[in-house]
Amino acid sequence: MRSSSQGKAASRAWRLIDGGDRSGARNMAIDLALLRLHLAGQAPPTLHVYGWQPEAVSLGSKQDASQALDLDRCRLEGIDAVRRPTGGRAVFHSGDFTFSFIASSCSRIPPGVNESYATICRIVATALRALGVVAATGERGRPSRRSAACFASSTVADLAVDGRKLVGGAQRWERNAFLQQNSLLVVPEPGRAFRYIRPPRGKSVTEASEELAAEVCGLAELMGELPERARIVEALATGLEETLEVAIVPGELSREEIALARILLESGGETAVGLAGTA
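Just so we're aligned, residue 257 is where the sequence shown starts under this note's numbering, counting upward by one.
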């Protein structure tokens, strides 16, 4: 990771926050707080990486929880269920690596949904190349077969290797600022995912799991080894620096971000799906 002392203007600097493992609700509250304070001019553009403890399923902002998830099984097996501020479909967070971009049109990412998706795909593709993996954007309009699972379909917001989905992404815009949340499959677990995400109508859990297994790939498989988390973070930072020609500086949540995230977490609201998850 290059330092900000290499001649890049401070106004171009991005912040890297490694949040470690948190509950699903806390992760979502932090992402939303980062977006709101960036929009208010009180936070820099940020790359936020984080994990999930306990394991979780996240829903897209418009999904119906009772239709998309087996909520009873989630409760019984201690799986957090949370609604993302962004769109898209359900993701099982166990064998994946998650990261978010919080930025605006003044952060060297072009305005507009398609343009920003394309730029972030280039950032992540550059990061993957640093790990020895060549990925391309997903196919526009690929049929979804009515699955509630994100990784059962692929779009131009996603990255795939030989047609198999590796990275999924979804956005939320508030005026000229946006949050893009991403899931990079490291060790896919389609069999476990469909224990909690309902399979498409007419499909058994086994059938849905087998179909999903054929549609996705994992970073560990592609690299021939299980990469260390720090190595993925470093690659993402490099991809962002090289694509946007910016500096990226390690940082922490500000007091204002922590306070707003706490308010959002306690209020439930946008990230609640009716489950008593961990805070």
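All residues carry an ideal CB built from backbone N, CA and C; glycine is no exception.
- Judged by beta-carbon spacing, V423 lies beyond the 8 Å limit of L435, meaning their Cβ atoms are not closer than that value.
- When the five nearest sequence neighbours on each side are left out, the beta carbons in the same chain lying within less than 7 Å of the beta carbon of G507 are those of R271, L272, I273, in order along the chain.
- For the set D326, T382, A374, the Cα lying nearest the Cα of E497 is the one of T382.
- Residue pairing by DSSP puts T354 in a beta bridge opposite Y306, S439.
- In the DSSP assignment, D287 falls within the alpha helix (DSSP H) that extends over 280 to 295.
- When C-beta atoms of the region 341 to 348 are compared with those of the region 446 to 464, three or more pairs fall below 8 Å, so the two segments count as touching.
- Each residue's CA atom was taken as its position, placing A503 and V461 some 45 Å apart.
- With fewer than 16 other CB atoms across the displayed protein chains lying within 10 angstroms of its CB, G276 is exposed.
- At a cut-off of 4 residues, the continuous stretches assigned as alpha helix (DSSP H) that sit fully inside the region 452 to 483 are 461 to 471, 475 to 479.
- By alpha-carbon distance to E311, the top candidate from L332, R487, H304 is L332.
- Taking P300 as reference, the option from S523, E512, E522, Q437 with the minimal CA-CA separation is E512.
- S363 sits in coil when the DSSP states are folded into three classes, being neither helix nor strand.
- Residue pairing by DSSP places G424 opposite S439 in a beta bridge.
- T354 is positioned such that its CB atom lies closer than 8 Å to that of Y306.
- For V505, there is no enclosing alpha helix (DSSP H); the enclosing beta strand (DSSP E) has its first and last residue at 504 to 506.
- Here DSSP, grouped into helix, strand and coil, assigns V417 to strand.
- DSSP, read as helix, strand or coil, puts L272 in strand.
- Distance from the Cα of R268 is smallest, within the candidate group R364, V412, A433, M479, for R364.
- Taking the Cα positions, D336 is about 31 Å away from R378.
- Taking the Cα of V489 as reference, the smallest distance to any Cα among V442, N432, A391, G280 is reached at V442.
- Looking at the DSSP output, T393 bridges to L415.
- Taking V505 as reference, the option from H304, G419, V313 with the minimal CA-CA separation is H304.
- When the alpha-carbon of T302 is set against those of L492, R457, C473, the nearest one is in L492.
- With a threshold of 16 other beta carbon atoms within 10 Å, G368 falls short and is exposed.
- Taken through DSSP and simplified to helix, strand or coil, E490 comes out as helix.
- For S314, the enclosing beta strand (DSSP E) begins and ends at 312 to 315.
- Collapsing the DSSP output to three states places R431 in coil.
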